[in-house]
Each structure stands twice: as C-alpha cells, then as structure tokens.
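Quick note on this note's numbering: the sequence shown kicks off at 4 and runs consecutively.
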Amino acid sequence: MNKTKTIATTKDVARLAGVSPATVSYVINQHLEGSPKISPATQSRVLEAMAELNYVPNLAGRHLRRKLTERVCLYLMDIGRPYDNKLVQDIQKVADEHNNSLIIITGDNPERQAQVLKQLHSRLADGAIIKVEKIEQAEVQNLVKGQIPLVIFSNDLTPDGFDVVQTNEAEASADGVRYLIEKGHRRIGAIVHYNNNTRPDTRLNSYRQTLAEHGLPVDESIILTGATSSQDAYISAKKLLQHPDRPTAIFAAADRAAISAIWAIRDAGLRVPEDVAVIGVGNVPESQYTSPPLTTVGPVSMDFTEVANLLFSRMQDPSLAGRKHLVRWEVIPRRSA
C-alpha cells in the first residue's frame, strides 16, 4: 500500500513553533507594512520549525506582485560570541537604513545548511550574508544563478557574481604564538575549542605550525581541546598548571578561555605574566579589563557596516564584479604576556 507524504502547512509550522499562523506568514512574507517587527528569537523558532517539517514555501510566487521581500538574511553558525553579536548589530543597523528586515538563521550541520540554502534559493530574502564553517563554490554559484545577492565569509572561495569577506586570522594567530616565542617562551601550552580530528581548527593549526617553524616540539600533553565553555577552559588551565613540566605560557584560542586561564593561574598562587604568560584570540571588549589586561589577537576594527554595505550595493546592482573585503587581525599587546 502506497503511503502519501503529508505536505506541511503554515498551521503545522505555527503549532510546532508555538506561534500563530499569522506570525508564520509574517516571518515568511512581510506583507503587512507597518506591522510590528518579529523578534529574532521568534523568527528563529519559526525558521527552525520550517526546517524540521521540511516546509519550503514558494516565496517567488508569494512575492510576485511585490517583486522584493524587503528582507535580508544573515546565516551563521551561532550567536553569542562578541564578534558575531557585533556583526548582527551592524547588519541590523544598515538594514534599518534601507527599510529592510533582518532574518537571522543559525545552525552548523550539513542538513541544516542544505535546508537554509534551499530556502534562500526560494527567495526567503532579497539577499544574504553567510558565515559558516564551510560552503562549496558550487553551492554559492547555484544561488548566484538564482539571482540571490550574496556576501560570503570565506578565505577559500573565488568571488564570481558575489562578494567575499576574508580575514588573516590564521596568520594573526601564528603571530600570537610567535609573539610568545619572541618573549623567550619555549614551552607553550594551548587551550582550544575543537579537536582537529573532529573539526578543523585554524587557530590550533597556526599554533602547531608556528612551533614547528621555530624548531620547538609540539607536545600533545599540553594541548587541551574541548574547551567549549569558560568552566571547561578553567579546568584545562588547571591541568596545564599541574603538569610536571608546566608551560611558561598559554595560547588560548578564544579570549574567554584566556580570561579563565588568568583566573586559574591566580587561584594557583601564580602571577601573570611573571610565572605564566597568557595570550587569547578574539579581542573581545572585556579583554581590556582583566587583571592584568589580556594580550590578544583579533580584528583591528569591530565595525562590520561595510560588510552590510557590500550586500546592499550588490542588491542594487547585481552586475557588479565579485569583490573581496579584508577584516584585518593583528596582535594587540597588553600586559598578560
């Protein structure tokens, strides 16, 4: 007996997201001018419900009369880090100046990414900024063929009908390790988020390569991975401090991990940087106010309005040649190293 697959409706999406069908319709197609804005949290719930139910509306048909959705989309792995929060704020600011709404979508698994790209191809928004771990040139070109203006964060893609935002994060992270070496440190521990066996980590790669380039051993016993929270980083730092051959410096691949390391060092009765130096990555605002202030690697400027301007200029003129925009990172010396 053949079973027919039930097609999800807006009512199904509303039920799963815990909102009204009108809210679902508003998120999909902002057709009521002057209606109150939907909060990012509600937008995310609706979009997640759409993805779970595999509900993909024919947005092109919905907007045939209006031609434009007056929405832009920001798709990124997660929100909560200061870098990404500032990106959201600046894109929202520029979107408001153009009387556009901003849809924020998060998710970092392949199934989620495929669903989001499918929604974008169906005209979820008039343009999109994408900041994910990995996206293929072919996937981007498929959206370009669908006339979707795009700005992609990537050091690997060649801009062709879309724009890319690049960083010199890998080189700057290497400079951070090199900074410690130049200060005389030869035994440098690392606290990182990811393990390269499960997910590539640019900052960990830079750490390993820089040590090797200077003829220093890469000691796996002082490379601690999985520090996904401040508490994890604190525990990792304590393990490094208890090592029989304690490192004289710690490279923390995120500022919040570095700040946890400073607390662990002080709680152990040691001094920063006299006994153990610390350098972080990210240049988050609070890194200036630790005791001592944190030496870090990060973006020189946290102004991302130019990224949003790239998108809106491409929306206005899709024929523009592909452009590259560099967000420059560098070592920011303070007193922890």
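A virtual CB, placed ideally from N, CA and C, is assigned to each residue, including glycine. Keep in mind it's a predicted model, so treat the numbers as computed, not measured.
Comparing alpha-carbon positions, which option in K14, K241, Q169 lies nearest D270? The candidate whose alpha carbon is nearest that of D270 is K241.
What's the C-alpha gap between R74 and E174? Answer to the nearest angstrom: the Cα atoms are 35 Å apart.
For the structure I just gave you, are there three or more beta carbon pairs, one from the segment 78 to 94 and one from the segment 140 to 155, closer than 8 Å? No: the two stretches stay apart, fewer than three of their Cβ pairs being nearer than 8 Å.
Which residues bound the beta strand (DSSP E) around G168? First, the residue type needs correcting, since residue 168 is Val and not Gly in the sequence shown. Run containing V168: 166 to 170, per the beta strand (DSSP E) assignment.
Can you tell which of N312, N286, H101 has the C-alpha that lies nearest to the C-alpha of R331? Selected option, being the one with the closest Cα: N286.
Would the segment 47 to 57 and the segment 248 to 265 be scored as touching if the rule is three or more Cβ pairs under 8 Å? They do not touch, by the three-pair rule.
Which residues in the same chain as A267 place their Cβ atom closer than 6 Å to its Cβ, once the five residues preceding and following it in sequence are excluded? Contacts found: Y237, A240, K241.
For L273, tell me which candidate among K14, D204, A252, F315 has the shortest Cα-Cα distance. Looking only at K14, D204, A252, F315, the smallest Cα-Cα distance to L273 is reached by A252.
I'd like the list of long-range same chain contacts for A264, defined as Cβ closer than 7 Å, with 5 residues on each side in sequence excluded. Only residues of its own chain outside the window of five on either side were considered, and among them I194, A236, A240, I253, A255, V281 have a CB closer than 7 Å to the CB of A264, listed in chain order.
Complete runs of the beta strand (DSSP E) confined to the segment 235 to 314 [at least 3 residues]: The beta strand (DSSP E) runs of length 3 or more contained entirely in the segment 235 to 314 are, from start to end of the chain, 252 to 255, 280 to 284, 298 to 302.
Buried/exposed call for N57, threshold 16 Cβ in 10 Å: A residue is called buried when at least 16 other Cβ atoms come within 10 angstroms of its Cβ; N57 does not meet this threshold and is exposed.
Per DSSP, what are the beta-bridge partners of A193 in this structure? Per DSSP, I226, F254.
Applying the 10 Å Cβ sphere with the 16-neighbour rule, what's the burial state of P162? Burial state of P162 is buried, judged by a 10 Å Cβ sphere holding 16 or more other Cβ atoms.
Go to T109, then tell me how far its beta strand (DSSP E) extends in each direction, as first and last residue. Counting along the chain, the unbroken beta strand (DSSP E) around T109 starts and ends at 104 to 109.
Pick out whichever of Q212, A177, V310, H188 has its Cα sitting closest to the Cα of V300. The shortest C-alpha separation from V300 is found at A177.
Could you please give the first and the last residue of the uninterrupted beta strand (DSSP E) stretch that includes L79? L79 -> beta strand (DSSP E) spans 74 to 79.
Quick check: H196 and A261, are their CB atoms within less than 8 Å of each other? No, they are not a contact pair.
Is there contact here, the segment 310 to 327 with the segment 88 to 104, by at least three beta-carbon pairs under 8 Å? Three or more Cβ pairs closer than 8 Å define a contact, and the segment 310 to 327 meets that threshold against the segment 88 to 104.
At what residues does the alpha helix (DSSP H) containing E55 begin and finish? Here the alpha helix (DSSP H) through E55 covers 43 to 55.
From the DSSP output, which residues share a beta bridge with L160? Within the DSSP secondary-structure output, L160 pairs in no beta bridge.
CA-to-CA distance, I106 to T12, given in whole angstroms: One Cα belongs to T12, the other to I106, and the distance between them is close to 21 Å.
Under a Cβ-count criterion, where at least 16 other Cβ atoms within 10 Å of its own Cβ denotes burial, should R338 be classed as buried or exposed? It is exposed - the Cβ of R338 has fewer than 16 other Cβ atoms within 10 Å.
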